[in-house]
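Protein sequence lines, in the order shown, are assigned to chains E and B. All residue numbers in the first sequence are consecutive under the numbering used here, ending with 240. All residue numbers in the second sequence are consecutive under the numbering used here, ending with 480.
There are 2 protein chains.
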Amino acid sequence: MTAASIAKDLRAAIRSGTYKPGDRLPSEAALMSNYGVARMTARHGLSMLKDEGLTVTRHGSGVFVRSFEPIVRDTTGGKADGSSTVTAEIDETGAGLTVRTLAVTAEAEAPEKVRTTLGLAEGDKVTVRERLHLRERKPVLFATSYLPASIAAGTPIAAQEVGPGGTHARLTEAGHAPVRFREDVVGRMPTIEEIEELRIEPGTPVLSVTRTAFTEDGTPVEVSYVVLDAGEFMLRYDID
Amino acid sequence: MTAASIAKDLRAAIRSGTYKPGDRLPSEAALMSNYGVARMTARHGLSMLKDEGLTVTRHGSGVFVRSFEPIVRDTTGGKADGSSTVTAEIDETGAGLTVRTLAVTAEAEAPEKVRTTLGLAEGDKVTVRERLHLRERKPVLFATSYLPASIAAGTPIAAQEVGPGGTHARLTEAGHAPVRFREDVVGRMPTIEEIEELRIEPGTPVLSVTRTAFTEDGTPVEVSYVVLDAGEFMLRYDID
DNA sequence: GAGTGGTCTAGACCACAAT
DNA sequence: TTGTGGTCTAGACCACTCC
């Protein structure tokens, strides 16, 4: 019962404010002598806090209390001016958040899942856009968007630079204005790839958002798979 | 590097379908002899998968591949008929999901956070409702709602049974129809209390939703703090 | 009873940080 | 150089599951 009780004590101390965000917790050696336990037991106690997302460990320097200052990703229904979620994100946080377009493929095979969502036939091609959002150099969001190549190929959507207003503005110009959106949100632990790509701290989940855009007549024109570092974001939905 | 490589091998085997949801992974003893490592090393490899939410361990019986079949919590903007999110949840999943009202307090002190959100003065009382949602006996969602006692006290909202249509129907009858909602969603690891209350598996995050309901003139009439087992839910938002 | 995971000990060597 | 966390070994005892 000792590892758990070490964790319990430290957790209580963090909650009560004895240790504040950024503070260093007692070292493994200190816990060993304070509690009279073996090193693996002290470590286990500390690792529980890490798995709860309460602390971050810095090799060679210590275990520190974590802080949470989320970026607010505001997804408002109201403004039907074509301003996308992406721009909303940038506006919200100002200069701190930057977007990097990683890759654009004008015509690619559609994965099964995408084909079903977009209602495409086998063999139909899609335009793929991959982008990464960074906050102060740290990657915080990774998104892959798929659009029917029959709509997007040959437009700026299939180019590296989409132009002002983003893909939604281009879709509107092409007569496929997206007016309804569906976002499916799940929370889960990151895959190894996501841990590397987003440099996610142990004990931090991701939010996985599947976003589908529909035109007025209900035709899906874009599906995006967005993975966000849950330690960096709050999703805000304003409804009705 | 051995614990990590055991995890890597097993992870790959799970992804490729060698081990399917519900299947049992090799025991610690098997991994010890297969990889020629000490028990703690084999355990550490397995614990990585658990922390990723890929597996569940059953004491005395083995380590098993986990499955994910989410309840869809549909939060549609459209239907302005007073049907609440709660009923939507029930409708979605049918008989599997039940709601239990844990406690109702007609007049209570408002926590600082609640007072600010609802725009109350110090000393103003609130009506508090706590409820728990269960899926096949397992608790999956815990919610605490706060309403100004000046509105709710003396109405069925402050009673154990709110009646048909829920609190929103009662608010509408009382001339405080909630028509706009804000949901703030964050993902994080559960607290110890949440792990116990919702019986959350290790490696499973929670979704924490702060929901605020506003009347036509922008007055907040209810704020709810909802914690969902992320291993059980998908949040769906239909926008515009 | 045999097999499974849960916890703990006591010690070793390594890698990184701060000084 | 000293102190920090990261990893691994070899063994012990316990608690739970299934036959």
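Virtual Cβ for every residue (Gly too), placed ideally from N, Cα, C.
Distance between beta carbons of S448(B) and V426(B), contact taken as under 8 Å: 5 Å
Outcome for G231(E) when other beta-carbon atoms lying within 10 angstroms are tallied against a minimum of 16: buried
Within 9 Å of chain B by C-beta, residues of the region 223-240 of chain E in sequence order: L228, A230, G231, F233, M234, L235, R236, Y237, D238, I239, D240
Under 9 Å from the C-beta of F421(B): neighbouring residues of chain E: Y237, D238, I239, D240
DSSP-derived helix/strand/coil call for T204(E): coil
Contact set between L207(E) and chain B, taken where Cβ atoms lie within less than 7 Å: G427
Any chain E beta carbon closer than 9 Å to M280(B): yes
Coil, strand or helix - A346(B) by DSSP: strand
Validate contact between the region 215-227 of chain E and the region 171-185 of chain E using beta carbons, cut 8 Å, 3 pairs: yes
Outcome for S67(E) when other beta-carbon atoms lying within 10 angstroms are tallied against a minimum of 16: exposed
Whole-number beta carbon distance between F421(B) and D74(E), since they are thought to touch under 8 Å: Not quite, the Cβ-Cβ distance comes to about 14 Å (not below 8 Å), so this is no contact.
Proximity test, Cβ basis, 9 Å: F64(E) and chain B: no
Contact with chain B by T101(E), beta-carbon distance below 9 Å: no
Neighbour-count burial assignment, H133(E), 16 or more Cβ in a 10 Å radius: buried
Whole-Å CB distance - R131(E) paired with A143(E), under 8 Å assumed: 5 Å
Cβ-Cβ separation, V312(B) to F304(B) (assumed contact under 8 Å), whole Å: Not quite, the Cβ-Cβ distance comes to about 25 Å (not below 8 Å), so this is no contact.
Limits of the unbroken beta strand (DSSP E) element including L10(E): Not the beta strand (DSSP E): L10(E) falls in the alpha helix (DSSP H), residues 2-15.
Candidates E423(B), P310(B), V466(B), A270(B), of which the one nearest E434(B) by Cα: V466(B)
Secondary structure, beta strand (DSSP E): runs of 3+ residues fully inside the region 409-437 of chain B: 418-428
Per-residue contacts from T315(B) into chain E (C-beta, under 9 Å): Y237, I239
Assumed close pair A3(E), G45(E) - CB separation to whole angstroms, cut-off 8 Å: 4 Å
Short Cβ contact (9 Å threshold) for A348(B) with T367(B): yes
Per-residue burial, G21(E) [other beta carbons within 10 Å of its own, 16 or more giving buried]: A quick correction: the sequence has Pro, not Gly, at residue 21(E). Looking at its Cβ environment, which holds fewer than 16 other Cβ atoms inside 10 Å, P21(E) is exposed.
Between the CA atoms of A152(E) and E436(B) - distance to the nearest angstrom: 50 Å
Buried or exposed by the 16-neighbour rule on C-beta atoms within 10 Å, applied to R242(E): Missing from the structure shown is residue 242(E); chain E here goes from 1 to 240 and no further.
Proximal chain E residues relative to E292(B), where beta-carbon distance stays under 7 Å: M189
DSSP state of P460(B) mapped onto helix, strand, coil: strand
Beta carbon of R39(E) nearer than 9 Å to that of A30(E): no
C-beta atoms of G62(E) and R24(E) nearer than 9 Å: yes
Cβ-based burial, D457(B) [other Cβ within 10 Å; buried from 16]: exposed
Partners in chain E for P310(B), counting only beta-carbon separations shorter than 8 Å: V186
9 Å Cβ cutoff met for I397(B) and L387(B): yes
Chain B contact residues for G203(E), given Cβ-Cβ distances below 7 Å: M429
Collapsed DSSP secondary structure at V340(B) in the structure displayed: First, the amino acid is wrong: residue 340(B) is Arg here, not Val. Strand, per DSSP.
R306(B), DSSP secondary structure in three states: coil
Chain B within 9 Å of K8(E), Cβ atoms only: yes
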